[in-house]
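*Asks:* Protein chains in written order, with the working numbering: chain V, 1 to 113; chain H, 1001 to 1116.
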């Protein structure tokens, strides 16, 4: 089975801290995605990547950056965390843009105080 | 623009009764449509997808969905609900545009509660 692993299930950070959320997939997928999930808003795409060192902005990239140095790893970075970034963050990967099916990690719930 | 609407925030149904979770979509071109389920404090799990072919798609855990092009709908259904089906359900549509080819747009989710 495909496994997408997010390094931290729960994090608590302070305003202004730099936050790293790590995601690793073990099935050699080309495409990786970061979403945030908020009640009543569903899933919103932050960034995605089609290949190593490639990245594209999603719908809400402000305040975030990403890094994809290796195919299996896609990191989300909050340069200076703010309280409005308190959310559930979901990483996903997919093998092919033609199928569209995404495989999700378990999520990282971030609280910024 | 691609978009998905889930008109009901919550659906409540008694165990053993049929359930329907509604989804309508808007795309340019032929849609690829998906349903995902999320259990509490977990990531999303793929249930089923429609790409082409038979309008009735069967998926995991006894769920099925009916694609209706004229009504631009893709409703999720199950003939007999279980308490364990209680979860948050998301409909999604695939994007065909340019460099964002292949990304999914998600609805806001519908909370399904099945009571004993």
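Just so you know, even glycine gets a beta-carbon here, dropped at the ideal spot from N, CA and C.
If you're wondering where the values come from, they're calculated on a predicted model, not measured in any experiment.
Could you say which of H:1019, H:1034, H:1079, H:1115 lies nearest to residue 1008 of chain H if we only look at CA atoms?
*Replies:* H:1019
*Asks:* If you measure between the beta carbons of residue 90 of chain V and residue 37 of chain V, is that distance less than 8 Å?
*Replies:* yes
*Asks:* Verify the CB distance criterion: does residue 72 of chain V have a CB-CB separation below 8 Å to chain H?
*Replies:* no
*Asks:* Anything in chain H within Cβ reach of residue 107 of chain V, meaning under 8 Å, just list it in chain order.
*Replies:* Result: 1041, 1042, 1043.
*Asks:* What do you get for residue 1104 of chain H, buried or exposed, if any count of 16 or more other CB atoms within 10 angstroms of its CB means buried?
*Replies:* buried
*Asks:* If you measure between the beta carbons of residue 1060 of chain H and residue 1076 of chain H, is that distance less than 8 Å?
*Replies:* Taking 8 Å as the Cβ cut-off, residue 1060 of chain H and residue 1076 of chain H do not qualify as a contacting pair.
*Asks:* Run through chain V and tell me which residues come within less than 8 Å of residue 1107 of chain H, C-beta to C-beta.
*Replies:* Simply 42.
*Asks:* Name the chain H residues whose beta carbon is nearer than 8 Å to that of residue 90 of chain V?
*Replies:* 1043, 1044
*Asks:* Using the three-state DSSP reduction, which class does residue 83 of chain V fall into: helix, strand or coil?
*Replies:* helix
*Asks:* Go ahead and label residue 35 of chain V buried or exposed: buried means 16 or more other beta carbons lie within 10 angstroms of its beta carbon, across all protein chains shown.
*Replies:* buried
*Asks:* If you draw a straight line from the alpha carbon of residue 28 of chain V to that of residue 75 of chain V, how long is it in whole angstroms?
*Replies:* 16 Å
*Asks:* Along chain H, which residues have their Cβ under 7 Å away from the Cβ of residue 48 of chain V?
*Replies:* 1103
*Asks:* Please confirm if the stretch 4-24 of chain V is in contact with the stretch 48-66 of chain V, defined as three or more CB-CB distances below 8 Å between the two stretches.
*Replies:* no
*Asks:* Is the distance from the Cβ of residue 1085 of chain H to the Cβ of residue 1112 of chain H below 8 Å?
*Replies:* Annotated as proximal: residue 1085 of chain H and residue 1112 of chain H, with beta-carbon spacing under 8 Å.
*Asks:* Tell me whether residue 38 of chain V sits in a helix, a strand or coil according to DSSP, three-state version.
*Replies:* Residue state, collapsed to three classes: strand.
*Asks:* Spatial neighbours of residue 88 of chain V within its chain, please: CB distance less than 6 Å, with the 5 preceding and 5 following residues excluded, ordered by chain position.
*Replies:* Result list for residue 88 of chain V: 37, 107, 109, in chain order.
*Asks:* Using a Cβ-Cβ cut-off of 8 Å (strictly less than) and excluding sequence neighbours within five positions of residue 1071 of chain H, which residues of its own chain qualify?
*Replies:* 1024
*Asks:* May I have the straight-line CA-CA distance separating residue 41 of chain V from residue 1108 of chain H, to the nearest angstrom?
*Replies:* 5 Å
*Asks:* Give a yes or no on whether 8 Å exceeds the smallest Cβ distance from residue 21 of chain V to chain H.
*Replies:* no
*Asks:* Taking the DSSP output, what are the residues bridged to residue 1113 of chain H?
*Replies:* H:1012
*Asks:* Go ahead and pull the three-state DSSP assignment for residue 1083 of chain H.
*Replies:* helix
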